[in-house]
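Residue numbers (the numbering used here), protein chains in the order written: chain D, 291 to 698; chain P, 78 to 397.
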Amino acid sequence: MSAAEPPMSAGGPTGDGAEAARHGDAGQAFGAETPASAGGPPPAAASSDRLLSVEDLIVGFPTPDGLVHAVDGISYNVERAGSVGIVGESGSGKTVSALTLIGLTQTQGAKVSGRIMFDGRDLLKVSKDELRHIRGNEIAMIFQDPLSSLHPQFRVGAQIVEAMRIHRSITRSAAHTRATELLELVGIPDPRRRVDQYPHEFSGGMRQRAMIAMALANEPKLLIADEPTTALDVTVQAQILALLERLRRELGMATIMITHDLGVVAQIADRINVMYAGRIVETADARPLFATPQHPYTWGLLRSIPTLDGPRGIELVPIPGRPPSLIRRPSGCHFHPRCAYALPDHATIDPELVDVGPDGHRAACLLDAAQRAAAWAALSGGGTPEQAREAAGIAEVAVPVAETEIVG
Amino acid sequence: MTGFIVRRLLWGVLLLILVIAVTFLIFYLLPSVDPAILRAGRNGSPKVIAEIRRNLGLNHSIIVQFWNYTKEIVLHGNFGYSYYYNDPVGGLISDRLPATVSLTVGAAVLWVVVGVPVGIISAIKRRTFIDRVSMGTALVFVSAPVFWLGLIVLYLFASDIGRFPFFPGSGSYVGLTVNPVKWFESLILPWMVLSATSTAIYARLVRGSLLQVMGEDYIRTARAKGLPERTVILKHGMRSAITPLVTVLGLDIASLLGGAILTEGVFDIPGIGRLNIDAIGHGDVTIVQGTVLVASIFIIVANIIVDIAYAFLDPRVRYE
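Structure follows, in structure tokens:
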């Protein structure tokens, strides 16, 4: 992934011209395309041109062992034609939060609260039928494994046709023609022949393209992509990401990109939310997030990605331990058992998401600004967590990390 | 595809010859009653018995006897003569086939029509009261032996001996061409009894199969498209869940066509199973050989049909 376009690596906010250029583009695209959407307000009033606003979303699954706190009070916004990345390890709640947007966790017995304002409606309050009409029509979703996500016994074209015919009155043959066009749009060669083939006759990358074509069938306002490239070859990953980015610009379709790979969101997202144990622990625009990350978990994610343009010989630093159980979460800051910079009282104080920088850069960390700045400066210079700890003046950690790993 | 079918048919023929050989050997080698003695009657003189042996070709070596037997079947469709009825076995079987087919097909329709919906409802309403009641009932019927269930049903509902005499009981079978109404009435109880176990098995099979399919990623995709849950289950779910069902259905029907021995016995229906039991009682070896052979043909053909059906049900299966 990072071979195709590495994320902003260690240290250099000036180092990544492509990144900056991409942001300029996205801003222009935003300004240029909004008028098309029913004479929306000018870009200046961007806050009112919000497509999706998730407020204090809580999703819990009752199980015999206790309530699984899959999503624990997250809030974020998606602008029209905007692109938001949600990043985190498996079990951080990122997929559950997305499935909840289109009502697919509620059917699995999830307890949901909060507000999901989409285009003027609260998706948690609309009727089942209305939500079903929004699903696949105004909000489309693509998934991680394109082979298992396509029905093996229906032709690819028929599956796209079906997606169209649920939501609009269109003849079967017209829908079939449109399905062929959609396959062409997403870059499948020889679409006339391909449209009548079965998923197993497609390669992995083509299957994901077909999934994307299906998602585009009704020209949705929002596309949720859940790990869309994880199951694919690295070269194909880059193609799929480029395709998604192109479609977003051409069609003015907002995107939520869910991934565990910061390299992926670096290429495609304007705004990034980092999730840990069901919460957003850091949120920022893409540039500041890569340049001045504020949360030790984000540092961990960044330092565990190999980069080509970083200093040579720099060691990758994995995040120790595993994501916590979402039934019995660690006390205080949920990340403290795995955090190299945790102080004794971090095991008792639950940090809130607070402003840590301009443009709504927020993080939920108990370290103070000076400590964070010093630690990241050391880390981004290639330092080990021990050196960073020293630089931040938190050398005397009362709870040894090795011991808490077991706890975590 | 054509090549596959031809190959399967050739293998089927080979298998049949093997079945002929095995049944022939079993009945030749196992100590049973000498057919010539049976034929000669209670007081047959040794001279008569020897003559019968010669007429039936029993004095030839086993190889020659097998060759003659096979040759007659393959060339003339002649399964030999019943020692007991003194009629061609082929004719006896084809006379009895309509009753067995009536019984089997009716029961199969019944168990599919009842079992599949029960399975679907149980899967959708998993762990609810409805699910537990259906699966509990299914367990009872899976465990209930046909001969026992048959007697209970006769005791309860048969018009002659039943507590609630609703339907004609044992020995009431009438051919379809003779009187369709009576044919139907006489088969109501046998259909119920014969289908009971299979209904239960199919309900459990459909439930398990559908539950597994409903956890697949493509079901999530179907929901994400905005399809109504009904379509998600009946179209996307059942399309996959039906495949294992077709396999079992083909083989079940085939094995019953070879004679539903217990049901035909309890209800005294003149089918192949009944013919077989009687023949065993009489030591009428050629009939037993014939019925075993016919049953094998049904199973082999059903297997081929199931394999071909698979290619149509699942596009990933291709026979080259």
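Glycine included, C-beta positions come from ideal geometry on N, C-alpha and C.
The structure displayed is predicted, hence computed values, not measured ones.
Self-check item: Alpha-carbon to alpha-carbon, D362/D and R405/D
Solution: By one-based count along the first sequence, residue 405/D stands at place 115. By one-based count along the first sequence, residue 362/D stands at place 72. If I take the Cα positions, the gap works out to 13 Å.
Quiz item: Of all Cβ atoms in chain D, is any one closer than 8 Å to the Cβ of T324/P?
Solution: As a first step, residue 324/P must be located in the second sequence, where it is residue number 247. So no, T324/P is outside the interface.
Quiz item: Skipping 5 residues on each side, what residues in its chain have a beta carbon closer than 8 Å to that of L253/P?
Solution: Residue mapping note: residue 253/P aligns to position 176 of the second sequence, counting from 1. P175, S179, W260, listed in sequence order.
Quiz prompt | chain D contact for S317/P (CB, 8 Å cutoff) | solution = Looking up residue 317/P in the second sequence gives position 240. Yes, S317/P lies at the interface with chain D (some Cβ there is under 8 Å from its Cβ).
Quiz item: With distances taken between CB atoms, is the gap from V485/D to T461/D smaller than 8 Å?
Solution: Residue 485/D sits at position 195 when you count from the first residue of the first sequence. Residue 461/D sits at position 171 when you count from the first residue of the first sequence. For V485/D and T461/D, no; Cβs fall outside 8 Å.
Self-check item: Sequence-distant residues of its chain with Cβ nearer than 8 Å to V270/P (five each side left out)
Solution: On the second sequence, residue 270/P is found 193 positions in, with the first residue counted as 1. Correct list, in chain order: V223, L226, G227, V230, T340, V343, F344.
Exercise. If I'm right that G196/P touches R307/P with Cβ under 8 Å, what's the distance once you round it to whole angstroms?
Key: By 1-based counting over the second sequence, the position of residue 196/P is 119. By 1-based counting over the second sequence, the position of residue 307/P is 230. Not really, about 16 Å apart at Cβ, beyond 8 Å.
Quiz item: What did DSSP end up calling R422/D once you bin it into helix, strand or coil?
Solution: Position 132 of the first sequence, counted from the start, is the residue given in the question as residue 422/D. R422/D: helix per DSSP, three-state reduction.
Quiz item: At a Cβ threshold of 8 Å, is V394/P touching chain D?
Solution: Here residue 394/P refers to the residue found at position 317 of the second sequence. Not an interface residue.
Quiz item: Helix, strand or coil: which one does DSSP assign to F243/P?
Solution: Position 166 of the second sequence holds residue 243/P. Coil.
Self-check item: Cβ contact (3+ pairs, closer than 8 Å) linking the stretch 358-372 of chain P and the stretch 288-296 of chain P
Solution: no
Exercise. Kindly say whether L304/P, judged by its beta-carbon, lies nearer than 8 Å to any beta-carbon of chain D.
Key: Counted from its first residue, the second sequence places residue 304/P at position 227. For L304/P, the answer is yes, since a Cβ of chain D falls inside 8 Å of its Cβ.
Quiz item: Which stretch, first to last residue, makes up the alpha helix (DSSP H) that contains Y587/D?
Solution: By one-based count along the first sequence, residue 587/D stands at place 297. Run containing Y587/D: 586-593, per the alpha helix (DSSP H) assignment.
Practice problem: Note down, in chain order, each residue of its chain lying with its Cβ closer than 6 Å to the Cβ of G381/D, except the 5 sequence neighbours on either side. | Solution: Looking up residue 381/D in the first sequence gives position 91. Correct list, in chain order: P613.
Quiz item: Under three-state DSSP, which class holds Y160/P?
Solution: What you label residue 160/P is simply residue 83 of the second sequence in a count that begins at 1. If DSSP states are grouped into helix, strand and coil, Y160/P belongs with coil.
Quiz item: If D409/D sits next to E428/D, beta carbons under 8 Å apart, how far is it from one beta carbon to the other, in whole angstroms?
Solution: The sequence position of residue 409/D within the first sequence is 119, counting from 1. The sequence position of residue 428/D within the first sequence is 138, counting from 1. Contact holds; Cβ gap of about 7 Å.
Quiz item: Per DSSP, R569/D is paired with what?
Solution: Here the question's residue 569/D lines up with position 279 in the first sequence. Answer is Y566/D, bridged to R569/D.
Quiz item: Taking contact to mean at least 3 C-beta pairs separated by less than 8 Å, is the stretch 328-337 of chain P in contact with the stretch 209-221 of chain P?
Solution: no
Quiz prompt | Contact set for G590/D: own chain, Cβ-Cβ below 6 Å, skip 5 residues either direction | solution = By one-based count along the first sequence, residue 590/D stands at place 300. I609, listed in sequence order.
Practice problem: May I ask you to report which of helix, strand or coil DSSP gives H626/D? | Solution: Here residue 626/D corresponds to residue number 336 of the first sequence, with the count starting at 1. In this structure, H626/D counts as helix in the three-state DSSP scheme.
Quiz item: What did DSSP end up calling E369/D once you bin it into helix, strand or coil?
Solution: One-based indexing of the first sequence puts residue 369/D at position 79. E369/D: strand per DSSP, three-state reduction.
Quiz item: Is the beta carbon of A371/D less than 8 Å from the beta carbon of R577/D?
Solution: The residue labelled residue 371/D in the question sits at position 81 within the first sequence. The residue labelled residue 577/D in the question sits at position 287 within the first sequence. Cβ atoms of A371/D and R577/D: not closer than 8 Å.
Practice problem: Output, in chain order, the set of chain P residues within a Cβ distance shorter than 8 Å of L440/D. | Solution: For the purposes of this step, residue 440/D is taken as residue 150 along the first sequence, with counting starting at 1. Here the neighbours are Y295, T298.
Quiz prompt | Members of the stretch 188-211 of chain P that neighbour chain D once the beta carbon cut-off is set at 9 Å | solution = none
Self-check item: Burial state of F156/P, where buried means 16 or more other Cβ atoms lie within 10 Å
Solution: Working through the second sequence from its first residue, we reach residue 156/P at position 79. Result: buried.
Quiz item: Would the stretch 314-325 of chain P and the stretch 128-141 of chain P be scored as touching if the rule is three or more Cβ pairs under 8 Å?
Solution: no
Exercise. Identify the continuous beta strand (DSSP E) that holds D516/D and give its terminal residues.
Key: Here residue 516/D refers to the residue found at position 226 when the first sequence is read from its first residue. Where D516/D is concerned, the enclosing beta strand (DSSP E) stretches over 512-516.
Exercise. Consider the Cβ of G495/D: report whether some Cβ of chain P lies at a distance smaller than 8 Å.
Key: Working through the first sequence from its first residue, we reach residue 495/D at position 205. Judged by the 8 Å Cβ criterion, G495/D is not in contact with chain P.
Quiz item: Enumerated in chain order, which unbroken segments of the alpha helix (DSSP H) with a length of 4 residues or greater are wholly contained in the stretch 443-506 of chain D?
Solution: 446-457, 462-475, 481-484, 494-506
Quiz prompt | Between the CA atoms of D111/P and I381/P - distance to the nearest angstrom | solution = Here residue 381/P corresponds to residue number 304 of the second sequence, with the count starting at 1. Here residue 111/P corresponds to residue number 34 of the second sequence, with the count starting at 1. Rounded to the nearest angstrom, the two C-alpha atoms are 38 Å apart.
Practice problem: Using alpha carbons as the reference points, say which of D649/D, G647/D, A632/D lies closest to P641/D. | Solution: In the first sequence, counting from the first residue as 1, residue 641/D sits at position 351. Comparing Cα positions, the closest option is A632/D.
Practice problem: In the DSSP assignment, find the unbroken beta strand (DSSP E) run with S343/D in it and report its ends. | Solution: Mapped onto the first sequence, residue 343/D falls at position 53. Element bounds for S343/D: 340-353.
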